[in-house]
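Using the working numbering, the first residue of the sequence shown is number 15, and each one after it goes up by one.
First up is the structure itself, then whatever we jot down about it.
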Amino acid sequence: MKIALVSPYDLAHPGGVSEHIVHLRTEFETLGHAVTIIAPRARKGGLEAGDGFYGIGRVVSIPGNGSTVRVTFDVTLYAAVKAMMRRERFDVVHVHEPLVPVLPYMVLLNSDAINVATFHAFRASNPWYTAFKPYMSFILSRLDGRIAVSVPALDFVSQYFDGPYDIIPNGIDVERFRDAVPMPWANDGTPRILFVGRFNEPRKGFKYLLRAMPLVHQHFPRARLVVAGAGKPSKYEKLIEQDNVRNVDFVGMVPRDELPRYYASCNIFCAPSVARESFGIVLLEAMAAGKPVVATDIPGYASVMTNHHDGLLVPPKQPHSLALALVRLLADRELRSHLAANGEITAARYTWPHIASSVLAAYERAANTAAGAQRRGFG
């Protein structure tokens, strides 16, 4: 098959949608399919046009879902997309986050292929969806198949746009995390707790983890918090001083190839997000690395992890609860081993070959049952 994978975000910056698309391409090409990624051109870095990639339009940064997203705005976008779609004649067009403006809209409006979309986002509500529902419903009427990455993502999108959805989660390269070599400093006997993510974003709940650390230090004075991700540590200087937080190592944005080594170098992984996580990919990364997890009991995380089976879930926005769970794990080697072993089993269910196979099956269902199969042959 000739497959287009469409992203509304440029691929120069890390994120769950970009990772998902790149891994799907790898698996599909391994199976003999011809795959093209369509995404905005990055200002710096990312993929170059050609060789299976179309960079169309430029990106601008706008706030969205408690984060900052980079989406496409370009006066030549429609004409460029129309010409490309006529030229390429894809069998399947798979759009990720089809409701993010505006590249997905342009692609779907010009596609005569089997059209499938994956919905990644989750939040309590979205006024944008309410305000523009008639137009968005028209765009989504072009779809022959719909996928949500989790039950929370499905519950969110179906509030506004009902219909049949497949649930196919994000995947993980298990071997990449399982075989990582710890950093040299990891062998000094210091207990380490790892946080991975954009710690300046309020939805990540990082401040609650910082506030938990003084309570952890009452029991484990040498414990250190390792923070890997983009953000400005200076934002937390006042909190750190007021709460007497110590032993925090901000290591900055970690290169993709080195991230598994940071998981391998910690004793516990902690994800204190407070909301708007549709899926717990960082939890699975830690599990694949054989590390016990403490995470907040929010829908996206609870859809991946079972409390007291492959990790500990605590209420969000509660530093004391976070601290109790962290101290409990640091004090109990047997519990850490038990949760880590079960976590490795959980992570093994999310391998990319398995996810890709499920997505291809969704393409087949869309082709066999939807209007797209009548617009154009499939195969």
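Backbone N, C-alpha and C fix where the C-beta goes; we use that ideal spot for every residue, glycine too.
Any contact between the stretch 179-192 and the stretch 284-300? By contact I mean 3 or more CB pairs, one from each, below 8 Å. yes
With H, G and I counted as helix, E and B as strand and the rest as coil, what does DSSP make of L327? Here the question's residue 327 lines up with position 313 in the sequence shown. In the structure shown, L327 sits in a strand (DSSP, three-state: E or B).
Rounded to whole angstroms, what's the CA-CA distance from L223 to A167? Just pull it up for me. Here residue 223 corresponds to residue number 209 of the sequence shown, with the count starting at 1. Here residue 167 corresponds to residue number 153 of the sequence shown, with the count starting at 1. Those two C-alpha atoms are separated by around 25 Å.
Relative to the alpha-carbon of V165, which residue among L157, V195, R236 and I181 has its alpha-carbon at the smallest distance? Counting from one through the sequence shown, the residue named residue 165 turns up at place 151. Looking at the Cα atoms, I181 is the closest of the given residues.
Select from D126, A131 and H231 the residue whose C-alpha is nearest the C-alpha of P118. Taking the first residue of the sequence shown as 1, we reach residue 118 at position 104. Checked all of D126, A131 and H231; the closest Cα to P118 is A131.
Per DSSP, what kind of secondary structure is V130 in: helix, strand or coil? Position 116 of the sequence shown, counted from the start, is the residue given in the question as residue 130. Three-state result, V130: strand.
Boundaries of the beta strand (DSSP E) in which I52 is found, first to last residue: Along the sequence shown, one-based indexing puts residue 52 at 38. From DSSP, the beta strand (DSSP E) with I52 extends over A48 to R55.
Measuring CA to CA, which of F209, D271 and D24 is closest to A194? In the sequence shown, residue 194 corresponds to position 180, counting from 1. Here the closest residue by C-alpha is D271.
Answer with buried or exposed for H334, where buried requires no fewer than 16 other C-beta atoms within 10 angstroms of its C-beta. Taking the first residue of the sequence shown as 1, we reach residue 334 at position 320. That one is exposed.
So, are the CB atoms of T310 and L327 less than 8 Å apart? Working through the sequence shown from its first residue, we reach residue 310 at position 296. Working through the sequence shown from its first residue, we reach residue 327 at position 313. Yes, the Cβ-Cβ distance between T310 and L327 is below 8 Å.
Could you tell me if V89 is buried or exposed, where buried requires 16 or more neighbouring beta carbons within 10 angstroms of its beta carbon? Against the sequence shown, residue 89 aligns to sequence position 75. Result: exposed.
Mapping the DSSP letters down to three states, classify V106 as helix, strand or coil. Within the sequence shown, numbered from 1, the residue matching residue 106 stands at position 92. Reduced to three states, the DSSP call for V106 is strand.
Which value, in whole angstroms, describes the spacing of the CA atoms of L253 and Y277? Within the sequence shown, residue 253 is the residue found at index 239, counting from 1. Within the sequence shown, residue 277 is the residue found at index 263, counting from 1. C-alpha separation (whole angstroms): 26 Å.
Residue from A362, S279, G159 and K147 whose Cα sits closest to the Cα of M197: Counting from one through the sequence shown, the residue named residue 197 turns up at place 183. When only C-alpha atoms are compared, the closest one is S279.
Taking the continuous beta strand (DSSP E) assigned at T310, which residues delimit it? On the sequence shown, position 296 is the one that residue 310 refers to. First-last of the beta strand (DSSP E) with T310: V307 to T310.
Which term fits Y179, buried or exposed, when burial requires 16 or more other beta carbons within 10 angstroms of its beta carbon? Here the question's residue 179 lines up with position 165 in the sequence shown. The residue is buried, with at least 16 neighbouring Cβ atoms inside 10 Å.
Residues that DSSP places opposite C284 in a beta bridge: Residue mapping note: residue 284 aligns to position 270 of the sequence shown, counting from 1. Its beta-bridge partners are V308.
Whole angstroms are fine: how far does the CA of V49 sit from the CA of G66? Taking the first residue of the sequence shown as 1, we reach residue 66 at position 52. Taking the first residue of the sequence shown as 1, we reach residue 49 at position 35. Whole-angstrom Cα-Cα distance: 6 Å.
Just to confirm, are A237 and N261 a CB contact at a threshold of 8 Å? One-based indexing of the sequence shown puts residue 237 at position 223. One-based indexing of the sequence shown puts residue 261 at position 247. Yes; because the gap between Cβ atoms is below 8 Å, this pair is in contact.
So the candidates are S317, P205, I153 and A18; which of them puts its Cα closest to the Cα of E102? Mapped onto the sequence shown, residue 102 falls at position 88. E102 has its Cα closest to that of A18, out of S317, P205, I153 and A18.
Taking the C-alpha atoms as reference points, what is the distance between W142 and V114? As a first step, residue 142 must be located in the sequence shown, where it is residue number 128. As a first step, residue 114 must be located in the sequence shown, where it is residue number 100. Rounded to whole angstroms, W142 to V114 spans 10 Å at the Cα level.
Three-state secondary structure (DSSP) at F264? As a position in the sequence shown, residue 264 is number 250, starting the count at 1. DSSP places F264 in strand when its eight states are reduced to three.
Boundaries of the beta strand (DSSP E) in which V20 is found, first to last residue: Within the sequence shown, the letter at position 6 stands for residue 20. Counting along the chain, the beta strand (DSSP E) containing V20 begins and ends at K16 to V20.
State the Cα-Cα distance for the pair I282 and N356, rounded to the nearest angstrom. Locating residue 282 in the sequence shown gives position 268, where the first residue counts as 1. Locating residue 356 in the sequence shown gives position 342, where the first residue counts as 1. One C-alpha to the other measures close to 14 Å.
Which residues in the same chain as I359 place their Cβ atom closer than 8 Å to its Cβ, once the five residues preceding and following it in sequence are excluded? For the purposes of this step, residue 359 is identified with residue 345 of the sequence shown, where counting begins at 1. Cβ within range, chain order: D324.
Under 8 Å by Cβ, that's how I've got I70 and L91 pegged, so tell me the actual separation to the nearest angstrom. Taking the first residue of the sequence shown as position 1, residue 70 is located at position 56. Taking the first residue of the sequence shown as position 1, residue 91 is located at position 77. The Cβ separation is near 7 Å, so the contact holds.
Quick check on the burial criterion: 16 or more other C-beta atoms within 10 angstroms. Buried or exposed for G243? Counted from its first residue, the sequence shown places residue 243 at position 229. G243 is buried by the Cβ-count criterion.
Applying the criterion that 16 or more other CB atoms from any shown protein chain within 10 Å of the CB defines a buried residue, is M99 buried or exposed? Sequence index remark: in the sequence shown, residue 99 carries index 85 (1-based). M99 is buried by the Cβ-count criterion.
Write down the C-beta distance between G314 and F136 rounded to the nearest angstrom, noting that I regard them as a contact closer than 8 Å. Your numbering for residue 314 matches position 300 in the sequence shown. Your numbering for residue 136 matches position 122 in the sequence shown. Between F136 and G314 the Cβ distance is about 6 Å, and since that is below 8 Å, they are a contact.
For V373 and V163, what's the separation of their Cα atoms in angstroms? As a position in the sequence shown, residue 373 is number 359, starting the count at 1. As a position in the sequence shown, residue 163 is number 149, starting the count at 1. Approximately 11 Å between the Cα atoms of the pair.
Coil, strand or helix - R212 by DSSP: For the purposes of this step, residue 212 is identified with residue 198 of the sequence shown, where counting begins at 1. Coil at R212, not helix or strand.
Helix, strand or coil: which one does DSSP assign to R379? The sequence position of residue 379 within the sequence shown is 365, counting from 1. Helix, per DSSP.
Are V121 and V20 closer than 8 Å when you measure CB to CB? In the sequence shown, residue 121 corresponds to position 107, counting from 1. In the sequence shown, residue 20 corresponds to position 6, counting from 1. Yes, the pair counts as a contact, with Cβ atoms nearer than the cut-off.
Terminal residues of the continuous beta strand (DSSP E) containing R270? Translated into the one-based positions of the sequence shown, residue 270 becomes position 256. Run containing R270: none; DSSP gives neither H nor E here.
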